[in-house]
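Input: a single structure, listed below in structure tokens.
Encoded structure:
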């Protein structure tokens with residue numbers, strides 16, 4: 055039973071990655087549909103285009119977030135030696151959260167300057183970032199618990215470090231949701247800060263017999 | 055004639071799978087466009103966002119359905135050793151039904167709370183799920199009849215079992231269409247129940263000389 | 055000079071095919087966005103959904119057309135042994151015509167039942183089908199003239215036969231444009247007839263030393 | 055340390071290219087959504103379709119531009135022997151600019167004939183073309199500085215020539231932005247001229263020991 059049979063449910067991760075890449079690429083490109091061409095009004099087109107800055111801000115923030123998740127997805131799936139049915143489902147749930155992101159992005163860009171609703175808009179956007187962080191953490195916990203999915207040779211310290219990082223990420227986005235309720239600027243500021251933090255290179259995986 | 059000539063119509067299934075994956079990934083990601091940002095009104099944004107729950111429900115249900123079909127498509131195409139012109143056409147027809155799903159999803163999410171039209175909306179949505187189930191069953195029947203396409207070594211009992219399962223699926227979605235006409239809640243409930251059922255891992259393919 | 059240098063402009067066709075597949079898959083899936091959920095009116099949702107039959111008709115027709123072009127693209131690019139800059143440009147122009155198709159599709163579905171404009175709508179749709187047929191024919195002529203791109207061992211009779219078929223296709227779609235001007239039903243009927251014709255399997259490529 | 059470890063941040067460029075191809079293919083195909091079906095009015099459908107020529111013009115121009123960048127991306131990434139975290143981020147920023155292009159395209163097509171706003175529309179469109187040119191130049195400078203990323207055997211003269219070309223491109227698009235402010239026709243004319251220029255085949259890469 056060393057060789058997987060054709061049709062075995064323990065498959066290579068190539069296809070799940072290719073499908074996930076498709077969803078990432080489409081979700082990231084659909085974000086532009088959230089920016090609507092301003093309609094004729096009394097102000098000039100230039101002024102109207104400049105007034106769209108919340109839309110540009112939301113576009114850039116969500117684009118970078120999805121891009122970071124794409125890179126992280128590749129980075130982590132290289133540590134996975136196989137996949138199984140439940141990992142596929144957890145990945146599907148994660149993709150559901152990624153594909154959802156264009157919606158809170160549009161809510162943010164349309165209501166960010168509306169003083170009556172900007173708190174709700176920022177809270178909903180932070181919640182929209184909490185969803186992929188949470189589903190990602192779930193997938194990571196499942197894959198590393200008892201080393202179900204991850205490479206056996208990975209250093210336990212490295213795995214613990216990543217668990218703390220992903221769990222901390224969930225806690226921070228939860229914080230961003232709560233902060234938004236107090237002041238939408240603080241909540242959004244935390245979201246921007248986290249995005250900048252995630253632009254740093256991820257820690258290099260360590261293996262048990264790694265001398266480097 | 056053991057080696058296929060370049061350009062032979064009996065090809066590997068790689069390309070048809072890659073194209074199908076593209077359609078799956080796009081259809082699943084386009085679902086988010088069905089959720090429209092609520093426009094300014096007298097109620098607060100938070101209330102409006104909560105009132106969109108039928109849209110979230112329809113988004114999740116259709117997302118999971120397309121994800122299940124994607125997994126099933128890979129699962130079954132691994133049993134196919136070749137493809138031919140008619141299988142390509144049947145697969146195209148199946149993809150037409152998958153790509154159609156965002157439309158009944160949007161009909162459901164916009165009319166689910168409209169008491170005058172919720173029966174029609176749920177019936178149309180169940181019909182939208184019947185279409186891929188039916189075209190999938192057609193493709194399966196064609197591929198397995200006389201073992202045209204499937205691997206010769208597959209156990210006949212396994213093939214029969216899958217035929218019963220896919221045929222039963224068609225019957226159950228037909229039932230969901232009819233149930234929706236009586237009470238839209240029963241019809242939708244059956245759709246949700248079937249989706250949950252399909253989240254279970256598929257049976258492992260058995261081969262004639264399989265000892266496991 | 056037998057081995058291509060890295061970066062040579064005479065490349066494998068893999069990447070151009072993958073990019074083209076992406077455009078095919080997206081264009082075919084975007085067609086569903088042409089079908090708009092009917093808004094509240096005095097008639098029931100069921101009646102409104104049934105009244106959308108021109109949209110379903112246009113969706114199916116264009117979906118099948120793009121699917122046929124996808125299959126044809128793969129079929130022909132297997133005969134190509136290399137690519138070059140001009141072939142890339144001709145392929146890009148062909149993709150421009152494929153990606154344009156959702157627009158005439160939507161024009162047709164919105165104006166097909168409007169007696170004042172149905173002639174213009176059908177003519178424009180037939181023109182929308184003429185564009186990919188014409189750009190495809192251009193690409194084929196370029197690739198086969200002096201056997202620039204196609205496999206040298208291909209039978210000249212086979213190449214001539216395909217040239218006649220693709221050229222005839224351009225002539226027939228031109229005919230559909232003109233017929234639409236006389237009676238939109240005849241023009242659309244010809245478009246449907248041609249689509250059904252193209253569902254037949256393509257002729258098998260013949261090679262010079264082919265005994266089959 | 056000659057072999058990269060699994061999970062090393064110095065990876066092959068395959069995945070970044072596949073993801074970029076996805077974004078190119080989706081952005082290029084989404085352009086068609088910018089062309090809106092004209093609504094019922096007093097003029098005939100044919101007249102309305104002809105009056106959409108600015109939309110066709112903008113569609114073709116942006117389609118060809120994205121197609122050129124796609125080809126250029128492949129062309130250059132073949133010169134790259136590896137990738138790293140910062141190159142990934144620079145590539146992501148470049149893709150952000152490519153995915154943004156459908157928006158200035160729609161602004162141009164809606165306001166090109168509006169005499170009060172056509173200057174702003176053309177300037178914004180030229181700016182929309184400046185963005186990918188600039189981010190492309192940044193990525194090239196990073197990759198070639200100290201030969202961080204590019205193949206070591208590439209001829210220094212060839213690299214200098216490409217640096218001049220990409221830098222010149224940024225300057226010319228900046229010129230197009232400024233020209234648009236004076237007369238929108240001159241600015242758009244420069245954009246069209248540059249696009250035609252980029253349709254020429256790229257110079258063949260030269261290697262240090264290259265005799266050709």
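Chains as they are written, first to last, in this note's numbering: chain R, 55 to 266; chain A, 55 to 266; chain W, 55 to 266; chain D, 55 to 266. C-beta: ideal position from N, C-alpha, C; glycine also.
Same chain only: Cβ atoms within 6 Å of residue i, ignoring 5 sequence neighbours per side
i: residue 112 of chain A; result: 159, 162 and 163
i: residue 262 of chain D; result: 207 and 209
i: residue 65 of chain R; result: In this predicted model, residue 65 of chain R has a pLDDT of only 46, less than 50, meaning its place in the structure is not dependable; the value taken from the coordinates is given anyway. Same-chain partners within the cutoff: 137.
i: residue 171 of chain R; result: 165
i: residue 116 of chain R; result: 85, 155 and 159
i: residue 92 of chain R; result: 102
i: residue 241 of chain R; result: 176, 180, 230, 233 and 234
i: residue 256 of chain A; result: 129
i: residue 122 of chain W; result: 252
i: residue 182 of chain R; result: 155 and 158
i: residue 124 of chain A; result: 78
As assigned by DSSP and simplified to three states, the class of residue i
i: residue 242 of chain W; result: helix
i: residue 262 of chain W; result: coil
i: residue 133 of chain A; result: coil
i: residue 253 of chain D; result: coil
i: residue 146 of chain A; result: helix
i: residue 167 of chain A; result: coil
i: residue 226 of chain W; result: helix
i: residue 208 of chain W; result: strand
i: residue 236 of chain A; result: helix
i: residue 203 of chain A; result: coil
i: residue 155 of chain D; result: coil
i: residue 217 of chain W; result: helix
Residue i: contacting residues in chain D (beta-carbon distance under 8 Å)
i: residue 107 of chain R; result: Within 8 Å Cβ-Cβ: nothing; residue 107 of chain R doesn't reach chain D, min ~13 Å.
Cβ shell of residue i (< 8 Å), same chain only, five flanking positions each side left out
i: residue 191 of chain A; result: 220, 221, 223 and 224
i: residue 217 of chain A; result: 194, 195 and 198
i: residue 150 of chain W; result: 189
i: residue 81 of chain W; result: 120, 152, 153, 155 and 156
i: residue 203 of chain W; result: 134, 135, 136, 137, 138, 141, 196 and 197
Per-residue contacts from residue i into chain W (C-beta, under 9 Å)
i: residue 75 of chain D; result: 69, 72, 73 and 76
Which listed residue (the options) has its alpha carbon closest to that of residue i
i: residue 168 of chain W; options: D:79, D:147, D:179 and D:98; result: D:98
i: residue 175 of chain R; options: R:234, R:140 and R:130; result: R:234
i: residue 110 of chain D; options: D:187, D:88, D:67 and D:179; result: D:88
i: residue 230 of chain D; options: D:188, D:251, D:184 and D:143; result: D:184
i: residue 173 of chain W; options: W:202, W:150 and W:239; result: W:239
i: residue 226 of chain R; options: R:202, R:251 and R:203; result: R:251
i: residue 253 of chain D; options: D:126, D:76, D:228 and D:106; result: D:126
i: residue 106 of chain W; options: A:260, A:202 and A:157; result: A:157
i: residue 248 of chain D; options: D:237, D:134, D:228 and D:257; result: D:228
i: residue 67 of chain W; options: W:82, W:214 and W:205; result: W:205
i: residue 132 of chain A; options: A:237, A:114, A:245 and A:70; result: A:70
i: residue 141 of chain D; options: D:74, D:246 and D:78; result: D:74
i: residue 215 of chain D; options: D:258, D:95, D:96 and D:90; result: D:258
i: residue 104 of chain R; options: D:118, D:178 and D:260; result: D:178
Proximal residues of chain R, C-beta to C-beta of residue i below 7 Å
i: residue 121 of chain A; result: 146
i: residue 128 of chain A; result: 69
Under 8 Å by beta carbon: chain W residues contacting residue i
i: residue 231 of chain A; result: Ordered by position in chain W, no residue passes the 8 Å Cβ test against residue 231 of chain A, which lies about 13 Å from the chain.
Contacts of residue i in chain R (Cβ-Cβ under 9 Å)
i: residue 161 of chain D; result: 91, 92, 99 and 103
i: residue 117 of chain D; result: None at all; the shortest Cβ gap to chain R is about 15 Å.
Per-residue contacts from residue i into chain A (C-beta, under 7 Å)
i: residue 190 of chain W; result: Near residue 190 of chain W there are no residues of chain A at all, since even the closest Cβ is about 18 Å away, more than 7 Å.
Contact set between residue i and chain D, taken where Cβ atoms lie within less than 7 Å
i: residue 253 of chain R; result: 143
i: residue 154 of chain W; result: 86
i: residue 124 of chain R; result: 73
i: residue 134 of chain W; result: Simply none; closest approach about 17 Å.
Chain A residues whose Cβ lies nearer than 9 Å to that of residue i
i: residue 44 of chain W; result: This structure leaves residue 44 of chain W out entirely; chain W is present only between 55 and 266.
Sequence-distant residues of the same chain with beta carbon closer than 7 Å to residue i, five excluded per side
i: residue 79 of chain A; result: none
Contacts of residue i in chain R (Cβ-Cβ under 8 Å)
i: residue 81 of chain D; result: 83 and 86
message: Quick check on the DSSP output: what are the complete alpha helix (DSSP H) runs of length 4 or more inside the stretch 70-131 of chain R, in order along the chain?
response: 99-105 and 107-131
query: Residue ranges of each alpha helix (DSSP H) run of no fewer than 4 residues wholly in the stretch 167-201 of chain A, ordered along the chain?
result: 172-198
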